[in-house]
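The sequence shown begins at 228 in this note's numbering and counts up one residue at a time.
All residues carry an ideal CB built from backbone N, CA and C; glycine is no exception.
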Amino acid sequence: MAVKNLCIIQARYGSNRLPGKVLLPLGGKTVIEQVISRVGQAKKIDHRQGGTGKIILATTTKEEDDALEKICPKAGVDCFRGSEDDVLDRYYQAAKKFKAENIIRITGDCPLIDPEIIDKVVDLYEKSGVDYATNVIPPTFPDGLDTEIFSFAALEKAWRETNLASQREHVTIYLWQNPEIFKQIHLKNDINLSKRRWVLDNPEDYEFMKLVYSKLYPAKPNFNLADLLKFFADNPEIEKINNMIKRNEGLKKSLEEDKIIKK
Numbered sequence: 228m229a230v231k232n233l234c235i236i237q238a239r240y241g242s243n244r245l246p247g248k249v250l251l252p253l254g255g256k257t258v259i260e261q262v263i264s265r266v267g268q269a270k271k272i273d274h275r276q277g278g279t280g281k282i283i284l285a286t287t288t289k290e291e292d293d294a295l296e297k298i299c300p301k302a303g304v305d306c307f308r309g310s311e312d313d314v315l316d317r318y319y320q321a322a323k324k325f326k327a328e329n330i331i332r333i334t335g336d337c338p339l340i341d342p343e344i345i346d347k348v349v350d351l352y353e354k355s356g357v358d359y360a361t362n363v364i365p366p367t368f369p370d371g372l373d374t375e376i377f378s379f380a381a382l383e384k385a386w387r388e389t390n391l392a393s394q395r396e397h398v399t400i401y402l403w404q405n406p407e408i409f410k411q412i413h414l415k416n417d418i419n420l421s422k423r424r425w426v427l428d429n430p431e432d433y434e435f436m437k438l439v440y441s442k443l444y445p446a447k448p449n450f451n452l453a454d455l456l457k458f459f460a461d462n463p464e465i466e467k468i469n470n471m472i473k474r475n476e477g478l479k480k481s482l483e484e485d486k487i488i489k490k
């Protein structure tokens with residue numbers, strides 16, 4: 228049976244800057260469990276919210292990622308395991324297995340991901356009839372609220388035609404670099420918040436996340452963008468913990484070291 232909106236959350240244990248980050252404790256759960264829980268609140272995805280989609284966790288076949296697979300039954304999602312470095316292939320094979328019509332891409336290092344923003348991006352995509360929609364080009368939302376959705380046909384075309392390491396690792400580069408091939412639309416926030424860093428990639432980010440969750444999560448587990456903005460307005464010192472780190476360092480490094488690979 229086909230899945231209209233397949234949300235693929237990519238995650239792996241390995242991380243150069245913060246090994247095991249998706250399994251770190253956060254608010255009484257692991258980081259990846261918090262991400263799955265928040266994504267599951269999106270009305271356009273999870274069937275429990277009345278949506279027409281499904282959530283899966285896509286990790287690697289490495290032994291160290293067995294722990295991620297074991298979390299999936301408890302979190303109520305299926306697990307798919309594929310290539311570590313060729314993440315584009317991991318997405319394609321997962322989408323093919325679950326017969327996805329559209330694929331929503333979320334990364335596992337975003338424990339502040341906002342389900343309301345996910346719904347807005349998906350709604351924009353569905354109403355506009357494009358091949359690809361996102362809220363990151365250009366970035367106007369905080370780093371860590373990134374959401375992308377694209378058709379299976381677009382994913383398959385990228386999978387067949389790309390051969391740069393950066394394009395295989397970062398999944399959607401070929402889509403947003405070729406607007407003449409893929410019809411696309413971008414959700415922009417009313418206020419540019421792109422300098423805010425709400426993603427987990429470094430030890431400083433983890434200290435930041437622990438403080439946010441310790442203050443907001445007990446009283447309101449489903450806190451959203453508005454709640455976070457109010458919290459930081461009242462506690463501006465917390466965002467100073469990790470705001471010296473530049474956005475998309477991993478992507479920039481991949482582009483600088485790009486090479487042609489064999490698929």
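Per the C-alpha coordinates, the member of 387, 443 and 418 positioned closest to residue 339 is 443.
Residue 305 is bridged by DSSP to 283. In the three-state scheme derived from DSSP, where H, G and I count as helix and E and B as strand, residue 359 is classed as strand.
In this structure residue 326 is not in contact with residue 385, their Cβ atoms being roughly 18 Å apart against a cut-off of 8 Å. Distance from residue 331 to residue 349 at the Cβ level is roughly 7 Å; contact confirmed, criterion being Cβ atoms closer than 8 Å.
Judged by their CB atoms, residue 263 and residue 249 are not nearer to each other than the 8 Å cut-off.
Bridge pairing for residue 424: 370 [DSSP].
Here residue 460 is exposed, its C-beta having fewer than 16 other C-beta atoms within 10 Å. Taking the CA atoms as reference points, residue 457 sits about 16 Å from residue 422. Pairing residue 434 with residue 343, the inter-Cα distance amounts to about 25 Å.
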